[in-house]
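The listed protein sequences correspond, in order, to chains A and B. Using the working numbering, read the first sequence as starting at 1 and increasing by one per residue. Using the working numbering, read the second sequence as starting at 1 and increasing by one per residue. Here the structure is laid out as C-alpha cells; the discussion comes afterwards.
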Amino acid sequence: EPEVTQTPSHQVTQMGQEVILRCVPISNHLYFYWYRQILGQKVEFLVSFYNNEISEKSEIFDDQFSVERPDGSNFTLKIRSTKLEDSAMYFCASIAEAGGRGEQYFGPGTRLTVT
Amino acid sequence: QKEVEQDPGPLSVPEGAIVSLNCTYSNSAFQYFMWYRQYSRKGPELLMYTYSSGNKEDGRFTAQVDKSSKYISLFIRDSQPSDSATYLCAMIKAAGNKLTFGGGTRVLVKP
Numbered sequence: 001e002p003e004v005t006q007t008p009s010h011q012v013t014q015m016g017q018e019v020i021l022r023c024v025p026i027s028n029h030l031y032f033y034w035y036r037q038i039l040g041q042k043v044e045f046l047v048s049f050y051n052n053e054i055s056e057k058s059e060i061f062d063d064q065f066s067v068e069r070p071d072g073s074n075f076t077l078k079i080r081s082t083k084l085e086d087s088a089m090y091f092c093a094s095i096a097e098a099g100g101r102g103e104q105y106f107g108p109g110t111r112l113t114v115t
Numbered sequence: 001q002k003e004v005e006q007d008p009g010p011l012s013v014p015e016g017a018i019v020s021l022n023c024t025y026s027n028s029a030f031q032y033f034m035w036y037r038q039y040s041r042k043g044p045e046l047l048m049y050t051y052s053s054g055n056k057e058d059g060r061f062t063a064q065v066d067k068s069s070k071y072i073s074l075f076i077r078d079s080q081p082s083d084s085a086t087y088l089c090a091m092i093k094a095a096g097n098k099l100t101f102g103g104g105t106r107v108l109v110k111p
C-alpha cells in the first residue's frame with residue numbers, strides 16, 4: 001500500500017541552525033501539507049502546497065519557514081534559523097485531489113529537537 | 001471558546017467493550033469530519049471520513065455527525081488491546097483544505 005515517507009526520523013540541531021525536513025508524498029497525490037505537533041499539544045496546520053505554490057499558510061508559518069517541491073517526488077520544509085520553540089514532531093501529509101481533502105494521509109513524522 | 005474540543009481522557013475500557021469518543025465544535029463552517037488514530041510518536045492514521053450528518057460504518061468503527069448540535073462521535077465495537085492509542089477528531093471548512101484537530105482522547109483497552 002502506498003504511503004507517505006519522511007526523513008530523517010529524528011533531527012537534533014542547535015538554535016540558529018537551518019534544517020530541512022524531507023517528505024516523499026504518495027506518488028499520484030497533488031496536494032501537500034505540513035503539520036506540527038509540540039509534545040502534549042494538538043496537531044497544528046502549517047502550510048498547504050499545490051501546483052508549485054503555497055495555497056494556504058498559518059500564522060505559525062512565518063518568514064523562517066519555506067517549502068519546496070524540488071523534483072517530482074520530494075516535498076521539503078526548511079526552517080532557516082531554528083528556535084527552541086520549533087522543537088516538535090513535523091508531519092507531512094498529502095491528498096490525491098481537492099475533492100478528497102478530508103482523506104489526508106500522514107507520514108510517520110520527523111522529530112525535531114532544537115538545543 | 002476553542003474551535004474543536006475533545007476530552008483528553010484517558011478512557012479505560014475492558015477488552016470487548018464499546019469505546020465511545022466524541023468532539024464538539026463551535027464553527028458551523030466545518031463541513032468535513034475525520035477521525036484519526038495516533039500511536040505514541042507516530043503519524044496520525046486516517047480511520048473515518050464523513051461529510052454529511054448521519055452515520056457511517058466501516059468494520060468495527062462507526063462515525064456519527066450531528067451538524068445541528070455541532071457534535072461528532074466515533075464508536076469502536078469489540079475493542080482490542082491493539083486499539084489502545086490516542087484518537088483525534090479533525091475537521092475541514094467547506095472553503096479550505098487544512099485540518100483543524102481536537103486535542104485527542106487517549107484510550108486504553110485492558111486485556
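Where is the CB? At the ideal position from N, CA and C, for every residue including glycine.
Against chain A, a Cβ distance below 9 Å from Leu88/B picks out Lys42 and Val43. Using a 10 angstroms sphere on the CB of Asn97/B, the tally of other CB atoms reaches 16 or more, which defines it as buried. Listed along chain A, the residues sitting closer than 7 Å to Gly43/B by beta-carbon distance are Phe91, Phe106, Gly107, Pro108 and Gly109. Apart from the 5 residues on each side of it in sequence, Ser87/A sits with its Cβ closer than 7 Å to the Cβ of Leu112, Thr113 and Val114 in its chain, given in chain order. With respect to the C-alpha of Arg106/B, the residue from Pro81/B, Tyr51/B and Thr100/B having the closest C-alpha is Pro81/B. Around the beta carbon of Ile72/B, 16 or more other beta carbons sit within 10 angstroms, so the residue counts as buried. Between Ala95/B and the set Arg41/B, Phe30/B, Val13/B and Met48/B, the nearest pair of CA atoms involves Phe30/B. Minimum Cα-Cα distance from Asp66/B among the listed residues Ile92/B, Ser79/B and Asn22/B corresponds to Asn22/B. In this structure, DSSP gives Pro14/B an extended state, which the three-state scheme calls strand. Within chain B, the residues placing a beta-carbon under 8 Å from that of Glu56/A are Gly96, Asn97 and Lys98, ordered along the chain.
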